[in-house]
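The structure appears below as structure tokens.
In full-length UniProt numbering, the protein residues as written are 1 to 219.
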């Protein structure tokens, strides 16, 4: 009897070993598949995270596309608006004292800056740099319209760390002739060219709108 049982056990052992090996192989393949799926998901997630972070850094501190609209910069920027490519690295670098002397703003550049209200962006052209002496027309706002009237002329010395900005369309631009010099720290970036409608932004203003540069600083 026991010999018969022994024979049955001997026959069953190879079958059990084969079944165990088959199950082990299936388990190994399943584990490998799960590992590969996890690695693929992590790879895609990490690459998208890096790409998004790089794009966010570039847009925030290097260059970005910004929309500008309104009549104050006509004819350079149409009233209907324009999509501008704006360089933003200069304001960021100027926050470091080491780079400040190497990153100066240029007279005639079109810049985006925080307006006097503090909660809006405006697009203006730099007319005066620190140390410049300007003869400018003082203006005050009209009656209910965004039109301005001349109230007289003043000689202005642009103080250190400030600029004098004006719109190319002097009859409807709320600018330094109304609120005075503005801090360079309010500049968000310099517009390089119009993406749409396409065109480069010249640094020569179509008109100084009654202002005159009497003396310029060596910059």
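From the three backbone atoms N, C-alpha and C, an ideal C-beta is built for every residue, glycine too. This structure is a prediction, so every number in the text was calculated from the model and none was measured.
Does the ligand ATP have a heavy atom nearer than 8 Å to the CB of residue 156? This structure simply doesn't include the ligand ATP, nor any ligand for that matter.
Can you confirm whether the stretch 152–172 touches the stretch 181–189 when touching is taken to mean that 3 or more C-beta pairs between the two stretches lie within less than 8 Å? yes
Decide if residue 197 is buried, meaning its Cβ has at least 16 other Cβ atoms within 10 Å, or exposed. exposed
Could you give the distance in angstroms between the alpha-carbon of residue 208 and the alpha-carbon of residue 167? 9 Å
CB residue 220 to CB residue 80, shorter than 9 Å? Outside the shown range of the chain (1 to 219) lies residue 220, about which nothing can therefore be said.
Residue 187 - partner residues in DSSP beta bridges: 113
For residue 82, which beta-bridge partners are listed by DSSP? 68
What distance in whole Å lies between the Cβ atoms of residue 128 and residue 205, which are believed to be in contact at a cut-off of 8 Å? Wrong, their Cβ atoms sit about 12 Å apart, outside the cutoff.
Which residues does DSSP list as the beta-bridge partners of residue 200? 193
List the whole-angstrom C-beta distance separating residue 93 from residue 103, where the pair is believed to meet the contact cut-off of C-beta under 8 Å. 5 Å
Just to confirm, is the Cβ distance from residue 165 to residue 176 under 9 Å? yes
Provide the residue span of the alpha helix (DSSP H) that contains residue 176, from first to last. 176–179
Assuming residue 188 and residue 88 are in contact, meaning their beta carbons sit under 8 Å apart, how far apart are those beta carbons, in whole angstroms? 7 Å
Residues bridged to residue 127 [DSSP beta-bridge criterion]: In the DSSP output, where bridge partners are listed per residue, residue 127 has none listed.
For residue 162, collect the residues of the same chain with a Cβ closer than 8 Å to its Cβ; drop the 5 residues on either side in sequence, then sort them by chain order. 130, 181, 182, 183 and 184
Are the beta-carbon atoms of residue 195 and residue 83 separated by less than 9 Å? yes
Tell me, please, which residues DSSP counts as bridged to residue 182. 163
What is the residue span of the beta strand (DSSP E) that residue 214 lies within? 212–215
If distances are taken between C-alpha atoms only, which option among 135, 119 and 101 comes closest to residue 214? 135
Count the other C-beta atoms from every protein chain shown that fall within 10 angstroms of the C-beta of residue 201, then say buried if there are 16 or more, exposed otherwise. buried
Could you check the C-alpha separation between residue 76 and residue 154 for me, to the nearest Å? 27 Å
Report buried or exposed for residue 212, applying the criterion of at least 16 other Cβ atoms within 10 angstroms of its Cβ. exposed
Beta-ladder partner(s) of residue 122, from DSSP: 113
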